[in-house]
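Participant: Starting off with a structure, shown below.
Numbering (this note's numbering), first residue to last: 67 to 333.
Below is the structure:
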């Protein structure tokens, strides 16, 4: 399924990385999650770009970025660190959603350009995750089906009847899923479970000792909000809960999440 860049394609170690920039001011880097893209932050960016330089990156294996390997968080972080070096930005607030939170923490561990962290909709590990039964088997099958139907004309017609879409294009999430590298499913469901069991995100954040804000949706269907709140609060992170929102609060309440980011950034 063809995708069209809305930003620049930067050559990072021979890989074309899709980077979008908006606005001017103190930099904020937004990192999407599994099966996402820069478009997941379209509406959030509207609430930030008047005062900030908002940088969005399609991770390896996602959106308009190339690459057929290096999908783990550490490799993704090295790619994003190289992007920050090319852009020459300093004291960056890095906000990562879901799997993007893993990448944000890995980035902060290797790049002195990161000044503060925001983790959105992500528990420290999978110890109380509530994924659908058989996800590790079913998700690759569903992904294959999505790649087959996403470009069909009748799919766009059917999208008109969706009750809710958080995107300007009602097929955005389907299109992003369709172009995500198939190998990402194994990375997120299997390899990530093992890596988080060994090094949970709250432990990683505590080690970094950077200012950290955690934004949770009260109705997150993947992770219990209260348990996640307690885990991050225990390490001294500031934790904010967006009422009525789910796993991606910046989609459902972009204005509220933008306000929290601006306040945390101090502008």
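Backbone N, C-alpha and C define an ideal beta-carbon position, used for all residues, glycine too.
(1) What are the boundary residues of the beta strand (DSSP E) that includes residue 238?
(2) Inspect the beta-carbon positions of residue 74 and residue 85 and report whether they are closer than 8 Å.
(3) Using 10 angstroms around the beta-carbon of residue 274, count the other beta-carbons present and answer buried if the total reaches 16, otherwise exposed.
(4) By DSSP's criteria, residue 87 is part of a beta bridge. Which residues make up the other side?
(5) Can you tell me the Cβ-Cβ gap for residue 183 and residue 271, rounded? I've got them flagged as a contact below 8 Å.
(6) Tell me the rounded alpha-carbon separation between residue 171 and residue 300.
(7) Give the range of the beta strand (DSSP E) segment to which residue 93 is assigned.
(8) Just the Cα atoms here: how many angstroms apart are residue 156 and residue 110?
(9) Among 163, 116, 112 and 124, which has the Cα closest to the Cα of residue 72?
(10) Determine the DSSP secondary structure at residue 176, reduced to helix, strand or coil.
(11) If we require 4 or more residues per run, which alpha helix (DSSP H) segments fall completely within the region 120-176?
(12) Does DSSP put residue 278 in a helix, a strand or coil?
(13) Thinking residue 267 and residue 188 are a contact (beta carbons under 8 Å), I'd like their distance in whole angstroms, please.
(14) Quick one: is residue 310 buried, meaning 16 or more other Cβ sit within 10 Å of its Cβ, or exposed?
(15) Can you name, in chain order, every residue of its own chain whose Cβ lies under 7 Å from the Cβ of residue 177, other than the five neighbours on each side?
(16) What is the residue span of the alpha helix (DSSP H) that residue 323 lies within?
(17) Buried or exposed: where does residue 224 fall if 16 or more other Cβ atoms within 10 Å of its Cβ makes it buried?
(18) For residue 167, tell me which candidate among 324, 115, 96 and 296 has the shortest Cα-Cα distance.
Facilitator: Reading it off the structure:
(1) Premise fails: residue 238 lies in the alpha helix (DSSP H), 238-245, not in any beta strand (DSSP E).
(2) yes
(3) exposed
(4) Under DSSP, the beta-bridge partners assigned to residue 87 are 121.
(5) 7 Å
(6) Going by the C-alpha atoms only, they are around 17 Å apart.
(7) Residues 93-97.
(8) 22 Å
(9) 124
(10) helix
(11) 139-153 and 165-176
(12) It is a strand residue.
(13) 7 Å
(14) exposed
(15) 147 and 150
(16) 320-331
(17) At residue 224, the pLDDT of 46 sits below 50, so the modelled position is not reliable; the number obtained from the coordinates is stated separately. The residue in question, residue 224, is exposed, as its Cβ has fewer than 16 Cβ neighbours within 10 Å.
(18) 96
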